[in-house]
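Beneath this line is the structure, given in structure tokens, with notes to follow.
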Amino acid sequence: KRRYKRQGFDLDLTYITSRIIAMATPAFGQHGVYRNDIHVVSRFLSFRHYGCFFVFNLCDTFLSSDGVTGNYNPNMLFNQVQRIPFEDHGPPLLTEIIQFCEEAQQWMLKNKHNVIAVHC
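In the numbering used here, the protein residues as written are 885 to 1004.
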């Protein structure tokens, strides 16, 4: 597992490229211990990519294997969240992959500084 341990952050998060971030699901309370605390994720994205980030929440609408659903309030991430629910521990539908790719591309093309963060 790669963790982002810089600038006072310690997150289950890695940069795939300079503009694509993969991270664990933001969570509250006890789940924040082994997932990413949503308050820390919010602070990180604001600090590193203020006004230029968009989060893709790929969590299923049903409970995942550890009880975390990804049902956090998008306000916690400045309403910069798009939910495209993929089935937990299963392959996504082709239509879901296409939707994700098209929306990610649209965001990335709007500004050369825009980044996406993806979690499931």
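Note that the Cβ used here is the ideal one computed from N, Cα and C, for glycine as well.
Asked                                                                                                                                                      : Found
Return the residue from the list Q989, T979, Y888 that minimises the CA-CA distance to L929.                                                               : Y888
Report buried or exposed for P910, applying the criterion of at least 16 other Cβ atoms within 10 angstroms of its Cβ.                                     : buried
Return the Cβ separation of F938 and I1000 in integer angstroms, given the expectation that the two are a contact with Cβ distance under 8 Å.              : 5 Å
Cutting at 6 Å between CB atoms, please list the residues of its own chain near R903, excluding the five before and the five after it.                     : V999
From the DSSP output, which residues share a beta bridge with A1001?                                                                                       : I905, V939
Looking at the unbroken alpha helix (DSSP H) that takes in Q891, where does it start and where does it end?                                                : Run containing Q891: none; DSSP gives neither H nor E here.
Closer than 6 Å by C-beta to H933: which residues in its own chain qualify, once you throw out the five before and the five after it? Chain order, please. : V999
Are the Cβ atoms of T901 and R886 separated by less than 8 Å?                                                                                              : no
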